[in-house]
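Trainee: Have a look at this one.
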Amino acid sequence: MASSFADYLNNWHLHGAEAIEDYTDRKTSYVVGLPPQRALELSAAELARILNDRLGEESFRQAIDPEVRVAGHLDDRPNGDWLKSCHTVGINVRTVGSFWNMLKYALTLPDHIRGIHLLPIWEPGVAGSLYGMASWNLNPEFLDHDTLRMFPGLRSVESQLQVTLNLLHALGKVVGVDVMPYADRYSEIVLANPAFFEWLIRDDLTITDHRIHLHETAGAAILDWLETTDPGTRVHRPTFFRETSEAERLNVLFGPPADYDTRRERRADLVDFLYHRGLEPVPVTTAPPYHGLEVDPSPEAQTVDEAGHRRRENLSTRPGAMSRVLGSLARFKFYGRKDDNRDWAIDFDRPRAEVWDYFTDKYAELQARYGFDFMRGKMSQVQMRPQGVPGVIDTFYDPLRAVKHRIARDAPHFAYFADGSLGESGTGSYGDGLEHLTASEAEVTSGNLQRLAPGTSEFLDALTSYLEIAEVTPVTPASTVITGKEDDPRFDHLYHHGEVARLFTGLFNGRLPLYFSLGYEQRDRHFSPAPDAFYTNRYVTLERVGPKSVSGSWRWGDNLELFRGLQSVHRFAEEHAVLLGADAGAVSVGDDGGVSWFKTPPSGDSTYLFLVNFASEARTLQVVMPTGEGAIELLFHWPDNILQPQHELNQETASFTLSSGEVRCYRLRRAHS
Numbered sequence: 001m002a003s004s005f006a007d008y009l010n011n012w013h014l015h016g017a018e019a020i021e022d023y024t025d026r027k028t029s030y031v032v033g034l035p036p037q038r039a040l041e042l043s044a045a046e047l048a049r050i051l052n053d054r055l056g057e058e059s060f061r062q063a064i065d066p067e068v069r070v071a072g073h074l075d076d077r078p079n080g081d082w083l084k085s086c087h088t089v090g091i092n093v094r095t096v097g098s099f100w101n102m103l104k105y106a107l108t109l110p111d112h113i114r115g116i117h118l119l120p121i122w123e124p125g126v127a128g129s130l131y132g133m134a135s136w137n138l139n140p141e142f143l144d145h146d147t148l149r150m151f152p153g154l155r156s157v158e159s160q161l162q163v164t165l166n167l168l169h170a171l172g173k174v175v176g177v178d179v180m181p182y183a184d185r186y187s188e189i190v191l192a193n194p195a196f197f198e199w200l201i202r203d204d205l206t207i208t209d210h211r212i213h214l215h216e217t218a219g220a221a222i223l224d225w226l227e228t229t230d231p232g233t234r235v236h237r238p239t240f241f242r243e244t245s246e247a248e249r250l251n252v253l254f255g256p257p258a259d260y261d262t263r264r265e266r267r268a269d270l271v272d273f274l275y276h277r278g279l280e281p282v283p284v285t286t287a288p289p290y291h292g293l294e295v296d297p298s299p300e301a302q303t304v305d306e307a308g309h310r311r312r313e314n315l316s317t318r319p320g321a322m323s324r325v326l327g328s329l330a331r332f333k334f335y336g337r338k339d340d341n342r343d344w345a346i347d348f349d350r351p352r353a354e355v356w357d358y359f360t361d362k363y364a365e366l367q368a369r370y371g372f373d374f375m376r377g378k379m380s381q382v383q384m385r386p387q388g389v390p391g392v393i394d395t396f397y398d399p400l401r402a403v404k405h406r407i408a409r410d411a412p413h414f415a416y417f418a419d420g421s422l423g424e425s426g427t428g429s430y431g432d433g434l435e436h437l438t439a440s441e442a443e444v445t446s447g448n449l450q451r452l453a454p455g456t457s458e459f460l461d462a463l464t465s466y467l468e469i470a471e472v473t474p475v476t477p478a479s480t481v482i483t484g485k486e487d488d489p490r491f492d493h494l495y496h497h498g499e500v501a502r503l504f505t506g507l508f509n510g511r512l513p514l515y516f517s518l519g520y521e522q523r524d525r526h527f528s529p530a531p532d533a534f535y536t537n538r539y540v541t542l543e544r545v546g547p548k549s550v551s552g553s554w555r556w557g558d559n560l561e562l563f564r565g566l567q568s569v570h571r572f573a574e575e576h577a578v579l580l581g582a583d584a585g586a587v588s589v590g591d592d593g594g595v596s597w598f599k600t601p602p603s604g605d606s607t608y609l610f611l612v613n614f615a616s617e618a619r620t621l622q623v624v625m626p627t628g629e630g631a632i633e634l635l636f637h638w639p640d641n642i643l644q645p646q647h648e649l650n651q652e653t654a655s656f657t658l659s660s661g662e663v664r665c666y667r668l669r670r671a672h673s
């Protein structure tokens, strides 16, 4: 047995061909034992050969045609309820390098991990931030040159994304994409549509103007810049932003889509022009009161960008417990304002229909082109009405809800995964967060288990609450193990024990779908911060200086014990797939860290008992056994170095002693079986 990850990788090089053959022969649903790190080393030719053998030549040939859109296996579903039982992995494409490389990673995902969620895929904004959309164009970083050499027809990043989704659909996966009701503050999206955003004028430490129609001043300034920069270009100023198509506006302002460098240079020049007129898009605020800004006068709130501009952070004038201003982002202006925006008050009775149409149509076009199956809605907790969720929910209640509805016109199966924490009412949003997500028609929400240490009272209380929410509301919290945000030194202490227990519970609890992010499979336990290259969250941006700067590619961990544990769980799940779909009875969450539940598959010949110890120390679980059960058989346990897992049986109860992080599954045969 390998004693280190390096030894394991060497052994795989020698003996992995058999596992690949089992996969291509459809004996397994994934390449058993293949480390994701090794999968990403496959050449385009090796991957193509594996997929061709797995899918068959005709299906593979159809899928690699970018003019074809391969339908997903859930396209005929009448709604998005399927997401409530879909186990999902999140991928920061930057960490794997390209869209095509996601297919290599997919070889490591069993059938029971059907969902693949992509972090933002567009051209990035300030500091290379994936979440700061600079345009509606796909991120050119994600073009795979090895694939281009093998398939010359896949010359564009768009064609490679289409083929990647085709092949993922052919493999039985469903694919989701981030939907964001904001953009980079100085993106092409904002600058080509100034009326769709809110503006202010700043004079050093003072906001001198934030009138409701200030976008007209911004639009005039943009055209002044155009006339100064391109004196030969003639546009009709009164109608340029209203009647000229967006594609034509973008071409006039920044240049053709394929000329990335020119577009960036012209945008930077325009931003410089606006800076000297004091014009800025209003930045995003993330929690109540949402509006009311003032300039932060503190010296540390000033930065000087590459162009020499002195930028200032902003503060809320009436800060709440979670108030935060994100200076790099601008939210779409979905509603009018009261009293010429004198007090920054939003007028929810005056939705701006043209903005809603633009926003929802853009994402509908994306889904129609590539065939995405679900969305993760960013800032889904945002509910800006101070009175809370209204009694009547209309078309203009929530922009993420509107995107789901717009796409569902043509793709009824399209589902909504909310990026919401279910925090305390009135902190992250006005009113009750769960009520808001219900009104927004989210099928699933991420919850907050990934930000709680396993075995703590907070973790166990949240798990209990989420199980109840899933039972009594239309919104199902996920059993979230980790997201890209938690793969960060700030959260290392949450992953010092219980890693396998988290994933095992997510797979088998039967109520809350599993979510985890790429990299977890080999993630090391960090008892002190590791180099930044080991954290996927550091690759959401590409900062070159400062505390969050990174250099080089993201690096996999070397946690062989965790990899072996998760592989063991996946093999057990593959062999006992009937247990994944079976409804669970009540899940018992003890205050000492022990969790237990029973499952009875449709055949009904056996009942299965699942046990988990989330505590950092050994625990003894007392379980009331079902009547009429006979023999008890241990089917699975981890760690597997425990030779004789302890339990004691009497007539009505059983006692099980589990080490920290240990998981087990027993089969209880009926007395007459």
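The numbering of the sequence shown is full-length UniProt numbering, which starts it at 1 and goes up by one. The C-beta atom is built at its ideal place from N, Cα and C for all residues, glycine as well. All values derive from a computational prediction rather than experimental measurement.
If distances are taken between C-alpha atoms only, which option among LEU579, ALA2, PHE273 comes closest to PHE598?
Mentor: The sequence position of residue 598 within the sequence shown is 598, counting from 1. PHE598 has its Cα closest to that of LEU579, out of LEU579, ALA2, PHE273.
Trainee: Can you have a look at ARG266 and say buried or exposed, based on whether 16 or more other CB atoms are within 10 angstroms of its CB?
Mentor: On the sequence shown, residue 266 is found 266 positions in, with the first residue counted as 1. Buried: at least 16 other Cβ atoms inside 10 Å.
Trainee: Run through DSSP, which three-state label would PHE5 get?
Mentor: Counted from its first residue, the sequence shown places residue 5 at position 5. Looking at PHE5 - three-state DSSP - the assignment turns out to be helix.
Trainee: Over the uninterrupted alpha helix (DSSP H) stretch that includes GLU243, give me the two end residues.
Mentor: Here the question's residue 243 lines up with position 243 in the sequence shown. Counting along the chain, the alpha helix (DSSP H) containing GLU243 begins and ends at 240-243.
Trainee: Report yes if the CB atom of ILE222 is closer than 8 angstroms to the CB atom of PRO257, and no otherwise.
Mentor: Counted from its first residue, the sequence shown places residue 222 at position 222. Counted from its first residue, the sequence shown places residue 257 at position 257. Against a cut-off of 8 angstroms, the Cβ pair of PRO257 and ILE222 comes out as no contact.
Trainee: Restricting to runs no shorter than 3 residues, where is the beta strand (DSSP E) found entirely within the region 249-284?
Mentor: The qualifying runs are 279-281.
Trainee: Please classify ALA631: does DSSP put it in a helix, a strand, or coil?
Mentor: Position 631 of the sequence shown holds residue 631. Three-state DSSP puts ALA631 in a strand.
Trainee: Between which residues of its own chain and GLN522 is the CB-CB distance below 6 angstroms, once the five residues before and five after are set aside?
Mentor: Numbered from 1 along the sequence shown, position 522 holds the residue referred to as residue 522. For GLN522, where only same-chain residues beyond five positions count, the Cβ hits under 6 angstroms are TRP556, GLY557, ASN559, PHE563.
Trainee: For ALA533, which of GLY552, ALA453, THR620 has the nearest alpha-carbon?
Mentor: What you label residue 533 is simply residue 533 of the sequence shown in a count that begins at 1. ALA533 has its Cα closest to that of GLY552, out of GLY552, ALA453, THR620.
Trainee: Please state whether the Cβ-Cβ distance between GLY278 and ILE201 is less than 8 angstroms.
Mentor: In the sequence shown, counting from the first residue as 1, residue 278 sits at position 278. In the sequence shown, counting from the first residue as 1, residue 201 sits at position 201. Cβ distance < 8 angstroms, so GLY278 and ILE201 count as in contact.
Trainee: Write down the C-beta distance between LYS378 and ASP178 rounded to the nearest angstrom, noting that I regard them as a contact closer than 8 angstroms.
Mentor: Translated into the one-based positions of the sequence shown, residue 378 becomes position 378. Translated into the one-based positions of the sequence shown, residue 178 becomes position 178. The pair is a contact, with the Cβ atoms about 6 angstroms apart (cut-off 8 angstroms).
Trainee: Should ASP347 and PHE414 be called a contact, given that it needs their Cβ atoms to be closer than 8 angstroms?
Mentor: In the sequence shown, counting from the first residue as 1, residue 347 sits at position 347. In the sequence shown, counting from the first residue as 1, residue 414 sits at position 414. It is not a contact, given that the beta carbons lie outside the stated cut-off.
Trainee: Near TRP638, which residues of its chain fall below 6 angstroms by C-beta distance, leaving aside the five closest residues on each side in sequence?
Mentor: Locating residue 638 in the sequence shown gives position 638, where the first residue counts as 1. So the qualifying residues of the chain are VAL500, GLY565, SER568, VAL663.
Trainee: Measure the alpha-carbon distance for ASN10 versus ALA44 and round it to whole angstroms.
Mentor: Here the question's residue 10 lines up with position 10 in the sequence shown. Here the question's residue 44 lines up with position 44 in the sequence shown. If you take the alpha carbons of ASN10 and ALA44, they lie about 21 angstroms apart.
Trainee: Rounded to whole angstroms, what is the Cα-Cα separation between LEU34 and TRP344?
Mentor: Taking the first residue of the sequence shown as position 1, residue 34 is located at position 34. Taking the first residue of the sequence shown as position 1, residue 344 is located at position 344. Their backbone Cα atoms lie some 55 angstroms apart in a straight line.
Trainee: With PRO513 and THR88 assumed to form a contact (beta carbons below 8 angstroms), what rounded beta-carbon distance in angstroms separates them?
Mentor: Here residue 513 refers to the residue found at position 513 when the sequence shown is read from its first residue. Here residue 88 refers to the residue found at position 88 when the sequence shown is read from its first residue. Going by Cβ atoms, the distance from PRO513 to THR88 rounds to 7 angstroms, so yes, they are a contact pair.
Trainee: When you compare only the Cα positions, how much space is there between PRO207 and THR317?
Mentor: Start at 1 with the first residue of the sequence shown, and residue 207 comes out as number 207. Start at 1 with the first residue of the sequence shown, and residue 317 comes out as number 317. Note that residue 207 is Ile in the sequence shown here, rather than Pro. Approximately 12 angstroms between the Cα atoms of the pair.
Trainee: Identify the continuous alpha helix (DSSP H) that holds LYS362 and give its terminal residues.
Mentor: Numbered from its first residue, the sequence shown carries residue 362 at position 362. LYS362 -> alpha helix (DSSP H) spans 353-370.
Trainee: Can you check the region 80-155 for any beta strand (DSSP E) of at least 3 residues that lies completely inside it and give the ranges in chain order?
Mentor: As far as the region 80-155 is concerned, its whole beta strand (DSSP E) runs of at least 3 residues are 88-91, 115-118.
Trainee: For a test of the three-state rule: what should DSSP assign to PHE508, helix, strand or coil?
Mentor: For the purposes of this step, residue 508 is taken as the residue at position 508 of the sequence shown. It is helical.
Trainee: How long is the line joining the alpha carbons of GLY431 and GLY391, rounded to whole angstroms?
Mentor: Indexing the sequence shown from 1 puts residue 431 at position 431. Indexing the sequence shown from 1 puts residue 391 at position 391. Cα to Cα, GLY431 sits roughly 12 angstroms from GLY391.
Trainee: Am I right that SER85 and ALA134 are in contact with their C-beta atoms under 8 angstroms? What's the rounded C-beta distance?
Mentor: Residue mapping note: residue 85 aligns to position 85 of the sequence shown, counting from 1. Residue mapping note: residue 134 aligns to position 134 of the sequence shown, counting from 1. Contact flag wrong, Cβ pair sits at about 36 angstroms.
Trainee: Kindly indicate which three-state DSSP category LEU315 falls into: helix, strand or coil?
Mentor: If you number the sequence shown from 1, residue 315 lands on position 315. DSSP places LEU315 in strand when its eight states are reduced to three.
Trainee: Within 8 angstroms, do at least three Cβ pairs link the region 537-552 to the region 583-603?
Mentor: Contact between the region 583-603 and the region 537-552 is absent, because fewer than three Cβ pairs lie under 8 angstroms.
Trainee: State the beta-bridge partners of GLN302 as determined by DSSP.
Mentor: For the purposes of this step, residue 302 is taken as residue 302 along the sequence shown, with counting starting at 1. BP columns for GLN302 point to ARG312.
Trainee: In angstroms with no decimal places, state the Cα-to-Cα distance between SER673 and PRO626.
Mentor: As a position in the sequence shown, residue 673 is number 673, starting the count at 1. As a position in the sequence shown, residue 626 is number 626, starting the count at 1. No answer about SER673 holds up, because its pLDDT of 46 lies below 50 and its placement is not dependable.
Trainee: Just verifying my parser: in three-state terms, what is the DSSP assignment at LYS404?
Mentor: Along the sequence shown, one-based indexing puts residue 404 at 404. Correct three-state label for LYS404: helix.
Trainee: If I measure Cβ to Cβ from GLN622 and keep anything under 7 angstroms in the same chain, skipping five residues before and after, which residues do I get?
Mentor: Numbered from 1 along the sequence shown, position 622 holds the residue referred to as residue 622. For GLN622, where only same-chain residues beyond five positions count, the Cβ hits under 7 angstroms are THR653, SER655.
Trainee: Would you mind sorting ASN92 into buried or exposed? The rule is 16 or more other CB atoms within 10 Å of its CB.
Mentor: Indexing the sequence shown from 1 puts residue 92 at position 92. Buried.
Trainee: Under a three-way DSSP split, which group does SER673 fall into?
Mentor: Along the sequence shown, read from residue 1 onward, the residue named residue 673 stands at position 673. At SER673 the pLDDT is 46, less than 50, meaning the model places this residue with poor confidence and gives no usable figure here.
Trainee: With distances taken Cα to Cα, identify the nearest neighbour of LEU467 among VAL444, ILE482, PRO489.
Mentor: On the sequence shown, position 467 is the one that residue 467 refers to. Considering only alpha carbons, the answer is VAL444.
Trainee: Return the first residue and the last residue of the alpha helix (DSSP H) that THR607 is part of.
Mentor: For the purposes of this step, residue 607 is taken as the residue at position 607 of the sequence shown. Careful: THR607 lies outside any alpha helix (DSSP H), inside the beta strand (DSSP E) at 606-613.
Trainee: Hey, TYR416 and ASP488 are a contact pair by Cβ (cut 8 angstroms); roughly how many whole angstroms apart?
Mentor: What you label residue 416 is simply residue 416 of the sequence shown in a count that begins at 1. What you label residue 488 is simply residue 488 of the sequence shown in a count that begins at 1. Not quite, the Cβ-Cβ distance comes to about 26 angstroms (not below 8 angstroms), so this is no contact.
Trainee: With distances taken Cα to Cα, identify the nearest neighbour of ALA453 among ALA268, LEU649, HIS436, LEU494.
Mentor: Along the sequence shown, one-based indexing puts residue 453 at 453. Closest by alpha carbon: LEU494.
Trainee: What would DSSP say about SER660, mapped onto helix, strand or coil?
Mentor: What you label residue 660 is simply residue 660 of the sequence shown in a count that begins at 1. SER660: coil per DSSP, three-state reduction.
Trainee: From GLU243 to LEU83, what distance separates their C-alpha atoms?
Mentor: Translated into positions along the sequence shown, residue 243 becomes position 243. Translated into positions along the sequence shown, residue 83 becomes position 83. Distance between the alpha carbons of GLU243 and LEU83: 40 angstroms.
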